[in-house]
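Residue numbers (this note's numbering): 19 to 454.
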Ligand SMILES: NC(=O)c1ccc[n+]([C@@H]2O[C@H](COP(=O)([O-])OP(=O)(O)OC[C@H]3O[C@@H](n4cnc5c(N)ncnc54)[C@H](OP(=O)(O)O)[C@@H]3O)[C@@H](O)[C@H]2O)c1
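Quick look at the structure:
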């Protein structure tokens, strides 16, 4: 674990890089992106910062605060819905008009949802796009600016050219190579596995192609942010309960920002071309200083090497990058047909798939033969008292949202939080209770 003292002494040294560093925070209007942008502005001289997101009101508040934190800095907002690649392109064009180089591209855009495949007019799933394709499109578009930064010396002759993608390093899973975009085999689990594993594979692939830039995929730990805002009330409640149980293990938001700034600037994560690798961390390919890194919340390197090694040996990184370029080459204005929404049996399949992660009795019934409207319209209404507030949910929603609580438990286990048996029982009875 990298100590907070090491993190902080790295961060205070950033002024030595001299004035005028340029950073783009995609997802800088909330949570980890906002917190990292704040630390960046606090610790650099006359930075130029771009916050990319949809929420203009929130962006204005942050900009005002950051201006008072560092009056020599310049912080701008670029309004963009990055669930669309064409919107990513517009945001990049805007940045390219204003900047010849970009020292840091920090991407933490994301959201949690229990929806099934949610196809955008460009034919991609919204969540997979925000967590993977759009991030790659930012990199692809801004590579000339990142490369320019890699050859521009800073005051102490330490160029900074870095890409950080915040998602789930270390939680890689199997890829369906015949359906990388998950047009046919979509579930919450496959979406997470594809987004995370493709992000991890790309650190190595892009670092090899671009030796002057470091590529990092980070897992932030459990951090209290706005990430739950797109969940329904009951799922939010389930995850809030999980947060209470996980509180001793949570990373405070400010510390998360400090640690991500360390990831974004520390000399431990040098690019591939740096000759002196003596102080470098081990890269995602198992080689010291190779320029692509997978980081745990505490700065340690992670990565499921059994999966990643196998994929490296089979050349899967190249396959994924080629697939990504193929997606990018499709005309974006061709409206793809929107597939039918999943029927009740699909909902039930997905629920059971998620519930299989933990041993929980399914104690409610969905009529799998009923038309979808009968399931989505309240078949049976239930009420739960959440913090004194009555939340009315349909059977279908109950089922979906219990799945989220189940996933919460699974995440707790994956994070080796090891909930005590009584806590576990409490969570399980909550999930079971939701289904009754
Ligand atoms: N917090 C955790 O415990 C945790 C744990 C594991 C992984 N993660 C991952 O870490 C990343 C950062 O999460 P966070 O906790 O910082 O979440 P957050 O507070 O909700 O921030 C997410 C950011 O993404 C932006 N965003 C979402 N959808 C967008 C869209 N369509 N277009 C443009 N911007 C969009 C939001 O901006 P606007 O609202 O302005 O659009 C916001 O700035 C996410 O990918 C999340 O899945 C978080």
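Cβ coordinates follow ideal geometry from the N, Cα and C atoms, glycine included.
Check your understanding: In chain order, what residues of the same chain have a beta carbon less than 7 Å from the beta carbon of residue 442, not counting five sequence neighbours either side?
Key -> Residue confidence for residue 442 is low, a pLDDT of 49 falling below 50, so the modelled location carries little weight; the figure read from the coordinates is stated next. Same-chain partners within the cutoff: there are none.
Point to revise | alpha helix (DSSP H) segments (min. 4 residues) lying fully within the stretch 94 to 133 | key: Within the stretch 94 to 133, the complete alpha helix (DSSP H) runs of at least 4 residues are 103 to 116.
**Study point:** Candidates 121, 222, 236, of which the one nearest residue 333 by Cα
**Key:** 222
Exercise for review: Report the rounded CA-to-CA distance for residue 293 versus residue 203, giving the unit in angstroms.
Suggested key: 44 Å
Point to revise | Helix, strand or coil at residue 237 [DSSP, three-state] | key: In the structure shown, residue 237 falls within a coil segment according to DSSP collapsed to helix, strand and coil.
Review point. Residue 142 to residue 129, Cα distance in whole Å?
Key: 16 Å
**Study point:** Nearest-angstrom Cα separation, counted from residue 84 out to residue 70
**Key:** Between residue 70 and residue 84, the alpha-carbon positions lie close to 15 Å from each other.
**Study point:** N- and C-terminal bounds of the alpha helix (DSSP H) containing residue 275
**Key:** Its alpha helix (DSSP H) spans residues 271 to 283.
Exercise for review: Starting from residue 267, follow the beta strand (DSSP E) in both directions and report where the run begins and ends.
Suggested key: Run containing residue 267: none; DSSP gives neither H nor E here.
Review point. When DSSP labels each residue in this structure, what does residue 135 get in the three-state scheme?
Key: coil
Point to revise | Within 9 Å, strictly: CB atoms of residue 187 and residue 177 | key: no
Review point. Taking 8 Å as the cut-off, does the CB of residue 181 come closer than this to any heavy atom belonging to ligand 1?
Key: It does not: the Cβ of residue 181 is nowhere closer than 8 Å to a heavy atom of ligand 1.
Check your understanding: What residue does the alpha helix (DSSP H) around residue 168 start on, and which one ends it?
Key -> 152 to 168
Check your understanding: Going by C-alpha distance, which of 157, 147, 136, 31 is nearest residue 43?
Key -> 157
**Study point:** Pairwise C-alpha distance: residue 299 and residue 286
**Key:** 5 Å
Check your understanding: Taking 8 Å as the line, does the beta carbon of residue 149 fall inside it for any heavy atom of ligand 1?
Key -> yes
Check your understanding: From what residue to what residue does the beta strand (DSSP E) around residue 312 run?
Key -> For residue 312, the enclosing beta strand (DSSP E) begins and ends at 310 to 313.
Check your understanding: Should residue 163 be labelled buried (16 or more other beta-carbon atoms within 10 Å of its own) or exposed?
Key -> buried
**Study point:** Given residue 123 as reference, the closest of 57, 109, 182, 151 once Cα atoms are compared
**Key:** 182
Point to revise | Close beta carbons around residue 26, own chain, < 8 Å, minus the five adjacent residues each side | key: 276
Review point. At what residues does the beta strand (DSSP E) containing residue 178 begin and finish?
Key: Premise fails: residue 178 is in no beta strand (DSSP E) and is neither H nor E.
Point to revise | Where the beta strand (DSSP E) through residue 49 begins and ends | key: Where residue 49 is concerned, there is no enclosing beta strand (DSSP E), although the alpha helix (DSSP H) it sits in stretches over 49 to 61.
Practice item. Please say whether residue 184 and residue 150 have beta carbons closer to each other than 9 Å? Key: no
Exercise for review: Could you check how far apart the C-beta atoms of residue 290 and residue 226 are, in whole angstroms? I think they sit under 8 Å.
Suggested key: 7 Å
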